[in-house]
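So the sequence lines, in the order shown, correspond to chains A and B.
Under this note's numbering, the first residue of the first sequence carries the number 1, and numbering increases by one thereafter.
Under this note's numbering, the first residue of the second sequence carries the number 1001, and numbering increases by one thereafter.
Using N, Cα and C, we set each Cβ at its ideal position, and we do this for glycine too.
2 protein chains.
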Amino acid sequence: MTKMVPQLLTESDIKNQRKDHLSSDDLVGFNVSNSFRQFNQMNDMFTRAYWDESIKSPDTEAFFNSYRADFIPRRGEGFNQKDFALRNASWLISDIISNRGGEKGLREGFQAAIESDTEIAPNKVLIEDVANQSIEIKKIAKLFGADLVGITSVDKRWHYSHRVDTKTFSAVDNELPADCNSVIVMAHAMDYDLVDTYPSALAGASTGREYSHEASICMQLAAYIRGLGYEAIASMNDTALVIPYAIKAGLGEYGRNQMVLTPEYGPRVRFSKIFTSLPLKKDVPKSLGIKEYCNDCTKCAKACPPKALPFGLPTEGSESPSTIKGVKKWSANCEKCFGYWAKIRTDCAICMRVCPFNRKYKSPYDIVWRWLATSRFRKLALIWEAKRKPRKRLKPNDWWN
Amino acid sequence: MTKMVPQLLTESDIKNQRKDHLSSDDLVGFNVSNSFRQFNQMNDMFTRAYWDESIKSPDTEAFFNSYRADFIPRRGEGFNQKDFALRNASWLISDIISNRGGEKGLREGFQAAIESDTEIAPNKVLIEDVANQSIEIKKIAKLFGADLVGITSVDKRWHYSHRVDTKTFSAVDNELPADCNSVIVMAHAMDYDLVDTYPSALAGASTGREYSHEASICMQLAAYIRGLGYEAIASMNDTALVIPYAIKAGLGEYGRNQMVLTPEYGPRVRFSKIFTSLPLKKDVPKSLGIKEYCNDCTKCAKACPPKALPFGLPTEGSESPSTIKGVKKWSANCEKCFGYWAKIRTDCAICMRVCPFNRKYKSPYDIVWRWLATSRFRKLALIWEAKRKPRKRLKPNDWWN
């Protein structure tokens, strides 16, 4: 029987985790101070919209209701019935998984880890070569449809101190099997053309489709590992912050727009993860040169309609309960950001669309630009980006036709 | 409230359906005689393995059990624990859908249509141009991951006279909403390299992965149509035979190996379908020249280990209850075929692997060969195929390494 342990750390646990992960913190540039506190999932914006009277509003309710069949189209192209219908349909597989535990207060994939549908095989396959096992796991992740895969070690600082019971909207223990020491992080690329129509309900289909993909893919990969005889817990936004894990696994760097920027897709990805006891060799992240570019680029901050993104250098300060404490980084004003989402009845990712790293990387121009942007000649890439014809948003009607 | 109607046809219904579909029967070369009978799903091999004592055996039970976590690896490469683990994990999403109605005897996607998870939107989007609507539906199907899409009209001759209650393994009414007049057929391409390892438990991952894909994709597309205000029922192997529908929708032609051969992937596809009331323009199938090649080629029949495939020209006769009555076509000996599956504890598709149309169509050779094979110079393609170095099965261990 699997032994489950709560993920809440004491102050001395936090110190120990910092010590254990000092070298990898350095490698990826995590800047964690003494005022660090684990993040309580009760404080994420989506959860606060249910219990925090300062967030909850007719707009936030209309936002959540718009994901159901009786949505009311808003106005203008990209917000018609077929745009909402497409967005909502794209979420379907993720919805089926996240709704099935509703009666138990388990919103799987969001406020609770995904429940395992298969048993762990009674016989453990012998792992003779952990490096080879990591190669094999990555091959299988890609077979199931993951676009990028990295592997890192568990670092409980990034696990929620508490998760949310979605029946009562109260904090409960965030538990994981004791023997899960590794994290497999997968990136799922969003459709370029749909992203190009942000902000619109239509564009939200790029988000929903990837949630449906990531649910399927991380559940299948976890089932595979369980078939090898090892513990594996499939996870989407639940259980832990995926951003530090994606960075630690070497998949990308943290950008001004609050997203992980990958060399392959820029910020145009979503992430899922698996906590596992399978012996695996960890990836060693290296500097990709992306965040240095972000220091000088403020395209996302300028393009943000509610002005929720910061212009300066990373800081530790934010009074919002939705910002993790004691980590020096770029932090959005989550209240302004989500307030805008609620108003337009769909997710906004203009900051993803306008990011200079959001490219297809099929043309030689894009590839040369990336090489420049991540090199010590990044100023040239900034100038090139400033001089090129501004990329316009793809009009939703043009997407349809 | 949706009006559901049983799909069982009377003799005069059958005559009327034949009359209505005479021209499309001619177009696709369906040869349906007066002795035609609708197929009762109780008679498919997988169902018979549960109730027909002449089929049920320790091997068939071990076959079905091998899809659970306590599978017992068989012997030899391709049948190890990790091969079974991969195959079984690949089925996961399809399994979740097909298992959720177990208590009600509804094996969704196999012996019952997939239950809708979303309501039909109260407002019907106005369809002004059915041709354009068909283009749009195909675009959305591909966005969700379908590899090929075709649209045809409902022809109830291919609907099961009865479906199977999987709790009691008895025949029950096979019902569909009365207003569904169109069928959207989608093809889902199987992984070339995995297929190249048939027969093996590993190769079965190519089947399972596509069942998981098709479940997700046809459910999402059906949800989209419901969001437009129209009825849409997602369907995999349930409700109706998909092969005649795939052919009628113009996606391919029927081959000696009992599969639909598509120009894009040969037989390396699986199909799903959606029954819908959405007004759609139907595709008009045209001769692809593939089945003429099959007349002269017997590669699949020669390669079949239990010798279950026919060598001659299409015939109407087969005594097996698992063969539809009154259709002139190539028919396998299903008992021999499934007996072999049960013995090796996994699906066999050697006949798919060795089919000359099973190619990637990335090299100019493949493309020229296909042009020849589907032209009046097909004999040259037969000679070319006979002269080229025999393609060997990919060894499962080579797939892993």
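Residues that residue i bridges to, as DSSP identifies them
i         : result
TYR254/A  : VAL260/A
HIS1021/B : According to DSSP, which records beta bridges pairwise, HIS1021/B is partnered with nothing at all.
GLU292/A  : Per DSSP, none; premise fails for GLU292/A.
ILE1127/B : DSSP, once it has assigned bridges, lists no residue as partnering ILE1127/B.
MET1004/B : PRO1177/B
SER235/A  : LYS273/A
GLU1108/B : ALA1112/B
VAL1327/B : VAL1032/B
ALA1171/B : VAL1164/B
SER1153/B : SER1182/B
THR315/A  : LYS329/A
LEU1148/B : ALA1187/B
GLY1266/B : THR1262/B
Test item: CB-CB of residue i and residue j under 7 Å
i         : j         : result
PRO6/A    : ASP173/A  : yes
THR166/A  : ARG107/A  : yes
ALA1215/B : ILE1097/B : yes
VAL260/A  : GLY250/A  : no
PRO267/A  : CYS355/A  : yes
MET4/A    : GLU175/A  : yes
GLY1078/B : LEU1202/B : yes
ILE140/A  : ILE274/A  : no
TYR1198/B : ALA1349/B : yes
THR168/A  : ALA232/A  : no
GLY229/A  : ALA89/A   : no
PRO314/A  : TRP330/A  : yes
PRO285/A  : LEU22/A   : no
ARG359/A  : ASP366/A  : yes
MET422/A  : ALA171/A  : With chain A covering only 1 through 401, there is no way to say anything about residue 422/A.
ALA1189/B : LEU1086/B : no
TRP400/A  : GLY208/A  : no
ILE1008/B : SER1161/B : For the sequence presented, residue 1008/B should be read as Leu rather than Ile. Going by C-beta atoms, LEU1008/B is nearer than 7 Å to SER1161/B.
Residue interval of the alpha helix (DSSP H) (run including residue i)
i         : result
ALA1381/B : 1378-1387
THR1207/B : 1204-1227
VAL130/A  : 130-143
VAL1242/B : 1242-1248
ARG1370/B : 1364-1373
THR1060/B : 1058-1065
GLY1339/B : 1334-1344
TRP1399/B : 1396-1400
CYS351/A  : 350-353
ARG1087/B : 1081-1090
VAL195/A  : 192-195
Residue i - containing beta strand (DSSP E), residue span
i         : result
ILE1184/B : 1182-1189
LYS1273/B : 1269-1276
VAL1164/B : 1162-1165
Residue closest to residue i, alpha-carbon to alpha-carbon, out of the options
i         : options                                       : result
ARG256/A  : ASN333/A, GLY208/A, ALA342/A and VAL183/A     : ASN333/A
THR1047/B : VAL1368/B, PRO1321/B and PRO1306/B            : PRO1321/B
SER35/A   : LYS389/A, LYS325/A and ILE140/A               : LYS325/A
ILE290/A  : PRO122/A, LYS379/A and THR10/A                : LYS379/A
ASP1083/B : LEU1372/B, ILE1344/B, VAL1185/B and ARG1388/B : ILE1344/B
PRO279/A  : ALA349/A, SER182/A, ILE217/A and ALA223/A     : SER182/A
THR1457/B : LEU1394/B, VAL1032/B and ARG1037/B            : The structure shown has nothing for residue 1457/B, since chain B only spans 1001 to 1401.
GLN1081/B : ARG226/A, ILE247/A, GLU385/A and ASP191/A     : ARG226/A
LYS281/A  : ARG376/A, ILE127/A and ASN43/A                : ILE127/A
TYR293/A  : ASP193/A, ALA381/A and LYS56/A                : ALA381/A
VAL1327/B : TRP1371/B, GLY1312/B and ASN1031/B            : ASN1031/B
GLU264/A  : SER363/A, GLY204/A, LEU194/A and GLY208/A     : SER363/A
CYS218/A  : TYR192/A, PHE271/A and ASP191/A               : PHE271/A
ALA234/A  : ILE247/A, HIS213/A, GLY29/A and LEU86/A       : HIS213/A
THR1002/B : ASN1040/B, TYR1050/B, PRO1177/B and LEU1241/B : PRO1177/B
LYS392/A  : LEU221/A, VAL195/A and GLY317/A               : VAL195/A
ASP238/A  : ILE137/A, MET190/A and TYR211/A               : TYR211/A
ARG1388/B : PRO1396/B, TRP1369/B and LYS1395/B            : TRP1369/B
ALA222/A  : ALA1069/B, ALA1049/B and PRO1396/B            : ALA1069/B
GLN1220/B : SER1161/B, LEU1143/B and SER1033/B            : LEU1143/B
Min CB distance residue i to chain E below 7 Å
i         : result
ILE1096/B : As a matter of chain content, chain E is missing from the structure shown, whose protein chains are A and B.
Practice task
Assess, as a yes-or-no matter, whether the stretch 112-127 of chain A is touched by the stretch 140-151 of chain A under the definition of 3 or more beta carbon pairs within less than 8 Å.
Solution key: No contact exists between the stretch 140-151 of chain A and the stretch 112-127 of chain A.
Quiz prompt | Cβ contact check for the stretch 1014-1026 of chain B and the stretch 1296-1313 of chain B: 3 or more pairs under 8 Å | solution = These segments do not touch.
Practice problem: Count the CB pairs spanning the stretch 1152-1160 of chain B and the stretch 1085-1100 of chain B that are closer than 8 Å, and state whether there are at least three. | Solution: Because the criterion of three Cβ pairs below 8 Å is not met, the stretch 1152-1160 of chain B and the stretch 1085-1100 of chain B do not touch.
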